[in-house]
Each structure stands twice: as C-alpha cells, then as structure tokens.
DNA sequence: GGGTTGATTGACCCATTGGTCAACCTTGGG
DNA sequence: CCCAAGGTTGACCAATGGGTCAATCAACCC
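Chains as they are written, first to last, in the working numbering: chain B, 1 to 202; chain C, 1 to 202.
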C-alpha cells in the first residue's frame, strides 16, 4: 500500500453526483461526462471506479437507498410510541425539501429501469422490502399496544406504502390537484383511520 | 385527392406498435427501427407520419390514454349503483391481463419522462385529471346516495388513485410480496372502508 | 531520490441511431 | 395510358456518447 486509499471517498462523491444527475435529467439522459463534471473530474476517473454506465447507475440506486434509510435512522432510534413513530416516518417521506425530492426522483428512475432489468428488479425487491418491513413492524407494535385497529399488518403496510408512492409521483409531476399539502392531508386521513375508534385506555 | 387517405389507419398501427415497444423495452431503449419492424414497414414511413421521436412517443402516450379510457367506457355506461361502478372501475385497473399490464407500463414510462419534460407533464396533468375526475364523480354520487361515508371527495379520489398507482408499480416489478391478488385485497379493504358503517336504509 | 503502485487524464475509437433525401411505387382520375 | 400526388423505401449523413488506453502524476516506502 503506497498511500491511504481514496477509493471510498471518491466513490461516494461520484455516487452523490450520479444521484443528482439522475434526479435532474433522468436515467435516459444521464451522461458519464455530466457526472464527471459535477464531481470536478474526468470521465476516465468515473470509469476507473465504475467500469460501465450500468455499474455506476446500479451503485447509485443502492446508494440512494442507503442514504434514504440513514436519514431516517434517528426516527427509529427514538422508540416513540408507534403512532408518533409512524407519523414521523410517513412525514419524512413527503416530497417537501430538496433532499427528499431528489431521493424520490431517483426512486422513480429505479422503478422504471427495473421494469426492464432483472438485476434492478432484484435490487428494488430488496430495498423496497426493507422499507416495507419497517412499516410493518411499526404497525404490528401499534396493534399489540392497542393503538391501531386489527388487520393484516403486511396488507396495511403495503397499502400505506403504495399510497405514499402513488401520491408522491403526482406531487413530483407538479400536479395542480396534488401538492405536498394535499398529500399530507390524505396521508393523515389514512393514519387516522388506522387508529382504533375507541381508545382502549383513558 | 388521388386516393382515400390511409393516414388514420397507418398512424394507429404505428402508435400501437410504439406502445408495445415502450412497454417491452422502455422509453430509453425505444428505437424507431423497432417500431417500424413491428409494423412491418420502414423507418422512413414512421418518420413520414411522426417527424421526430418525440412526436411519436408523445402521440403514443396520448393514444395509450385514449385506449385506456375507451376500454372502460362500458363500465361507465352501465350506470350501475356507485358501489358496483367504483368496484368495477378499480377492478379493471388491476394489472392482470396482458392489455392492462402493457397500458400500465406505458403509463409508468410517461410519468418518468414527464419528470423532465414540461410538455409531457402537461399531458399527464390533463389525462390523469380525467381519470381523477371520473373517480371523484362516482364517489360524490355514492355519497349523495348515502352509500359512501362523508369526506372530501377529491381527497378520497386522490387517495384511491394514489393507492392503485403505487401498488401497480410494485406488482409490475414482480414483487413477491405484492402480486395482483394481494393488490386486490388491499383495494377491496380500501373500498370497504369507504362504505358507510351503518347502511342508511334496510 | 528512485521505484512502486494507485490514481488521473482526455484524446481517441467506434458502435449506435435519429433524421434526411432522392428515387420509386401505387392508386385513381381524366 | 399517362400524370399527379400520396405514400414508401432504405441507403446515407452526422452527431452523440460509452468505453479504451497510453501517458502522466502523486504519494509513500525503502
């Protein structure tokens, strides 16, 4: 080892740039040279760490997921009561601030690419499964504590996640009839319907 | 006029082929030559009717919408009671048969392209608005008839549509945890929750 | 300070593909 | 039967952009 490796750091820079470009112009229009320019390096360097465009984008999709989960870790570590936890978790996914919007754009690109690529579909299944599992766990805890009404927790989780995905898409598309505030209301109504009609105690 | 125009017919053939290719390989990988080959003609002919690739894909997205609505016209013309009508309408959107799956694929491509193209975003707003309006109208009729519980009909419609979109995506992606049958169950639960708790009469 | 190796560069190659175009075909009218 | 005009063809052009590579640099060790 001649010097300390800069590999991890450089890779992170490149992946961050790749996500930004993906969100800006989409998978179709992503150019290796754009990513390089954004990092302030050359296309050669990008290819040095990610031999092909597919290697780069696949790694970027994975990186987007890891960062996305990382940003929400603090919510999960609070160990609030399930109602608060679920609400905070859902809230963190509303495409309001720029970071969240960018992450959503990258997710959308992943979905559509995954429709025609088995490897990406497998990646989606894995990372989407993680998100589904977290929501499912919170719902189960809420049911056990008597806060949430009964029902198949997996179905409930899938419903909530589906709702969020679908609404986010329209928000991202700039629909006049579906903006972040409307989305918040619809999600809140869904969450309210999850609460037991009669609180069990006090 | 030397002969009767074949324009409408040929355009429809080309647009049908374009939708098939879009669904098969996606917007990114759509080639004019693939569309031409599927129709059994030359790239020159495709360009004769649709000067640029963008003209072709935009028209294909619109065509997909029109066909999609057309296929459901019979449901709307039955004038069933709102509960039955809404259920039939939702059911017709489950990505089960091949035709519906292809249409969903094209929708997904539209969404992601529209994220980076204002014209396509406007197209989406228009056609998505039509779909939203239909669902909203059915819900309002159901509320007026006392079948559905009270609540902002537009929000309810947006919630249902968002749910369907989000779930469909995961079904299309071949998720093991979300197939058509599970999707049907989740949608049915949503619809059941829309019914009034105590039927108003008999 | 020389050697080793990781890291970087950007010019270049070449496959791909959207779009053009001039020639040609086909149908129907006069 | 010939002409006009819509319709069709596919070779070709030009641009684009992924990936290669030989040269170079920079950090660290001996």
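In this text, a Cβ means the ideal position worked out from N, Cα and C, and glycines have one as well.
* Asked: Assuming residue 172(B) and residue 74(B) make a contact with CB atoms under 8 Å, what is their CB distance in whole Å?
  -> The Cβ separation is near 25 Å, so there is no contact.
* **Contacts of residue 132(C) in chain B (Cβ-Cβ under 7 Å)** => Neighbours of residue 132(C) on chain B, chain order: 177.
* CB contact flag (residue 182(C), residue 158(B), <8 Å) -> yes
* For a contact meaning CB atoms closer than 8 Å, what does residue 61(C) contact in chain B? -> None at all; the shortest Cβ gap to chain B is about 13 Å.
* Asked: Taking Cβ positions only, does residue 159(C) come closer than 8 Å to chain B?
  -> Residue 159(C) belongs to the set of residues whose beta carbon lies under 8 Å from a beta carbon in chain B.
* Assign residue 148(C) to one of three DSSP states: helix, strand, or coil. => strand
* Asked: Using 8 Å as the threshold, is the region 129 to 144 of chain B in touch with the region 125 to 138 of chain C, meaning 3 or more CB pairs across them?
  -> no
* What did DSSP end up calling residue 262(C) once you bin it into helix, strand or coil? -> Residue 262(C) is absent from the structure shown; chain C starts at 1 and stops at 202.
* **C-beta atoms of residue 29(B) and residue 102(B) nearer than 8 Å** => no
* Per the contact definition of three or more C-beta pairs closer than 8 Å, is the region 78 to 97 of chain C in contact with the region 140 to 148 of chain C? -> Touching, yes, given that three or more Cβ pairs across the two stretches are closer than 8 Å.
* Short CB-CB distance (under 8 Å) between residue 185(C) and chain B -> yes
* Which class does residue 52(C) belong to by DSSP, given the choice of helix, strand or coil? -> coil
* For residue 186(C), which option in 188(B), 176(B), 156(B) has the closest C-alpha, if you only look at C-alpha atoms? -> Out of 188(B), 176(B), 156(B), 156(B) has the C-alpha closest to the C-alpha of residue 186(C).
* Given that residue 93(C) touches chain B, what residues does it touch there, using C-beta distances under 8 Å? -> Near residue 93(C) there are no residues of chain B at all, since even the closest Cβ is about 12 Å away, more than 8 Å.
* Other residues of its chain near residue 113(C): CB distance less than 6 Å, five sequence neighbours each side excluded -> 27, 120
* Asked: Which of the three DSSP states, helix, strand or coil, is assigned to residue 95(B)?
  -> coil
* Asked: Any C-beta of chain B sitting closer than 8 Å to the C-beta of residue 86(C)?
  -> With 8 Å as the cut-off, residue 86(C) does not count as an interface residue toward chain B.
* Asked: By DSSP, does residue 41(C) sit in helix, in strand, or in coil?
  -> coil
* To do: Please state if the CB of residue 169(B) and the CB of residue 190(B) are separated by a distance shorter than 8 Å.
  => no
* Cβ distance (whole Å) where residue 175(B) is taken to contact residue 93(C) below 8 Å -> Their Cβ separation, rounded to whole angstroms, is 18 Å, which puts residue 175(B) and residue 93(C) out of contact at 8 Å.
* Asked: Quick one: Cα of residue 96(C) to Cα of residue 108(C), how far?
  -> 16 Å
* To do: Would you verify that the beta carbon of residue 69(C) is, or is not, closer than 8 Å to some beta carbon of chain B?
  => no
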